[in-house]
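A short write-up of the structure that comes next.
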């Protein structure tokens, strides 16, 4: 049994959806962000970084979306969520996921998490203003350089599709129109119709 | 034959050092950051993100340090640079590397790359001021929560040691005294004495 610590609207949605695609034996532990439970003493024992996702496994706790996604894929090979037997293709997939984690998610975080990097309220506001521009630049790069079609990595569906779907879902809130990126928009629409995505979205909505 | 695109002082040092530890068949392609060659039309064909590292392999180009490090470890198993046969331990290692990439490197980047996230010069200066505090917080977390000893992940050396060594090397320039973190400081001193590290450092120094 796996337990995923998650919060509505967070990138932990990707791990949640990957567990669903993997048909994993898992349960959810929702943190209440209104009570900043992710920084409670109890949760910091699980993840000292005070963030989600955290996946509690029989061996210990895993954090960080790219690491969790590969773990779910490797431990549920029947679901075919990653090119497990091809180190180059696996690294290629992980490079995409790492870009989402360290560049795209970080660009987005400057909207509401500016106090991680500055104290000055005017600087926090300056960060917030630039988010539509940086997110547009990131998705332009994804659209023109990385998205192969029909799935992110080409013919084979992978956890990169799940992760991209998650972050594409943030664009409207970042004042970026996904329609500017036709391939990404079609990908998002296609996955939005998937029963597994709709199940996970309904579970999020029920606690949000 | 592998070709690593790199720049002095960049995080590509980790991939360079991993290739050395792996005894890989590789060559270096140095980009001149004074001429911003990383954003030249020629280099953007190799890595549209305009950053290093980029590892050119017979199958194509790989980017992003965590992905490259796992690739080097998987394709050079004799070097024992990662727990390749244990999905949990591999994910645990990748979680550490992802934290370095998406949190610690990002904290550091607010010193000299602030224009990625704001336009206002005062905001860029506000970001720069907070870097010693954020880098201290990151390394405090590494010291107390993640570093197991004698190596990052415990008994076995891994690419996480190479990656941590790389970023620890930035602390002095970020006005943080590594001596505040005794375990990290000892780790850095031990690796600094390694002949492979000294070879790679000399190669960087020759072009810097």
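Residue numbers (our numbering), protein chains in the order written: chain A, 1 to 208; chain B, 1 to 208.
Heads up, the beta-carbon is just placed ideally off N, CA and C, and yes, glycines get one too.
Since we're looking at a predicted model, the values are computed, not measured.
Check                                                                                                                              : Outcome
Beta-bridge pairing of residue 27 of chain B - partner residues as DSSP gives them                                                 : B:3
Secondary structure, beta strand (DSSP E): runs of 3+ residues fully inside the stretch 8-83 of chain A                            : 26-30, 54-57 and 60-63
Local conformation of residue 154 of chain A per DSSP, three classes                                                               : strand
Cβ of residue 136 of chain B within 8 Å of any chain A Cβ                                                                          : no
Residue-level contact to chain B via CB, residue 70 of chain A, 8 Å cutoff                                                         : yes
Spatial distance of residue 119 of chain A from residue 60 of chain A (CA atoms)                                                   : 35 Å
Other residues of its chain near residue 174 of chain B: CB distance less than 8 Å, five sequence neighbours each side excluded    : 108, 111, 131, 132 and 135
Buried or exposed by the 16-neighbour rule on C-beta atoms within 10 Å, applied to residue 22 of chain B                           : buried
Assigned exposure category for residue 149 of chain B - 16 Cβ within 10 Å defines buried                                           : exposed
Nonlocal neighbours in the same chain, by C-beta distance under 7 Å from residue 37 of chain B, ignoring five residues either side : 31 and 43
Cβ-based burial, residue 144 of chain A [other Cβ within 10 Å; buried from 16]                                                     : exposed
Stretch pair the stretch 91-106 of chain A + the stretch 82-90 of chain B: three plus CB contacts closer than 8 Å                  : no
Boundaries of the alpha helix (DSSP H) in which residue 90 of chain A is found, first to last residue                              : 87-99
Among B:192, B:116, B:63 and B:183, nearest to residue 140 of chain B - alpha-carbon criterion                                     : B:183
Expected contact under 8 Å - CB spacing of residue 7 of chain B and residue 52 of chain B to nearest Å                             : 5 Å
Below-8 Å beta-carbon distance, residue 118 of chain B vs any chain A residue                                                      : yes
Short CB-CB distance (under 8 Å) between residue 145 of chain B and chain A                                                        : yes
Residue 78 of chain B classed as buried or exposed, judged by whether at least 16 other C-beta atoms fall within 10 angstroms      : exposed
Neighbourhood of residue 146 of chain A by C-beta, 8 Å cutoff - its chain only, sequence neighbours within 5 removed               : 96, 99 and 152
Contact under 8 Å by Cβ, residue 106 of chain A with residue 10 of chain B                                                         : no
Alpha-carbon to alpha-carbon, residue 154 of chain B and residue 24 of chain A                                                     : 29 Å
With 16 other Cβ atoms within 10 Å as the buried cut-off, status of residue 47 of chain A                                          : buried
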